[in-house]
Structures are given as structure tokens and as C-alpha cells.
Amino acid sequence: MKKGISMMMLVVATSVMMIIITSASVIGMNSINTANFEEYRSVLSRVEDDVNYYYVENDSLPIQFDEEGIMVVDPSSINSELYNQVIEMGDENNDLYVIDTAKLNDNTIYFSNQDVFLVASNSHNIYSLNGFKYKSKVYYKI
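When you read off a place in the sequence shown, starting at 1, and then add 3, the result is the number in our numbering.
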């Protein structure tokens, strides 16, 4: 009788290890994607809270200005998915202003996300210009 492992045992052991490694990788990537999405939702929530607080304190929105005045986003310049969410929220007749995150006094918003945030003039709904893709859907609003 020979001592050692057979070729069949080696193939089976290798196959089982490959299945375990692949499963762990998929689960790990899903966990990372979910954590990133939750961080995105958290940032949008903080922006919304900070914009409302700023509005109560200053009776104006924390919006950006350029040489020509208030930075308003033209609805025809945003992508159709974002525009559909704007319509769903009832903001199609509101102006969409670019938020100046420096006025919000929340460094976690400024440093955690390089996104551009928009605020609807009357409803104060917050939108993300870039959005976040999660499970084959792009989210622009929480």
C-alpha cells in the first residue's frame, strides 16, 4: 500500500478551496458595496439636515454663487434618471441650486464625498448630481 495522497484527493481538495475562496470574495464585495451605499445615504442625510439647519439660522439656502450670480442647474443638463427622480419628488417646477458645502460647517460632508449636491428651491429636497449605483439602480436621493 502506497503512502501519500492521490491525484483525485488533490483535485477535490483544490476544488473545495476554490469554492470557499470564491464565496468569501463575493460575500466580501457585497459587504463592501453595502457599506459604501450606507455611507452615501448617511452623507445625503447629513447634507439634508445641515441645509435645513442653515436655512433656519440664516433664512437662506447655502448655495454657491459665481460671477453671474446664483448657480442654478438647468434641468435639461442633468441625466434623465435624476430628472425622473426630481419629477417623482414634485420638484420639476423648482429651481435646483448647487449647495456650497463649505457653508454647512460639516467637514465630514466635504471630505467624505466629492459629489455635487443640489437643493430644490421650495421643498429643500436634496439630490446628488452624480448619484450612487447600488444593485443595478442609481440613487440620486435617499
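Glycine included, each C-beta is placed from N, C-alpha and C at the ideal position. If you're wondering where the values come from, they're calculated on a predicted model, not measured in any experiment.
Threshold first: 3 residues or longer. Then list the beta strand (DSSP E) segments lying entirely within the stretch 83-110, N to C. Runs of the beta strand (DSSP E) inside the stretch 83-110: 99-101.
Would you mind working out which of N96, E95 and L121 sits nearest Y143, comparing C-alpha positions? When each option's Cα is compared against that of Y143, the closest is L121.
Look up G72 in the DSSP assignment and say whether it is helix, strand or coil. In the structure shown, G72 adopts extended strand secondary structure according to DSSP, grouped into three states.
Pick from I102, L47 and V15: whose alpha carbon is nearest that of V76? It is I102.
I need the DSSP call for V15, collapsed to helix, strand or coil. The DSSP-derived three-state label of V15 is helix.
With I129 and E42 assumed to form a contact (beta carbons below 8 Å), what rounded beta-carbon distance in angstroms separates them? Contact between I129 and E42 does not hold, since their C-beta atoms are separated by about 16 Å, which reaches or exceeds 8 Å.
For the beta strand (DSSP E) that V119 lies in, which residues bound it at each end? Looking at the DSSP string, V119 is not in any beta strand (DSSP E), and its letter there is neither H nor E.
Which residue or residues does DSSP assign as beta-bridge partners of F135? According to DSSP, residue pairing for F135 in a beta bridge involves Y142.
One question on the structure: do Y100 and I145 come within less than 8 Å of each other, judged by their Cβ atoms? With a cutoff of 8 Å on beta-carbon distance, Y100 and I145 are scored as not near each other.
Based on the DSSP secondary-structure assignment, which residues constitute the bridge partners of Y130? According to DSSP, Y130 bridges with L121.
Considering only C-alpha positions, which residue in the set D62, S139 and S131 is nearest to S48? Scanning D62, S139 and S131 for the CA closest to the CA of S48 turns up S131.
Hey, how far is the Cα of D53 from the Cα of D62? The straight-line gap from Cα to Cα measures roughly 13 Å.
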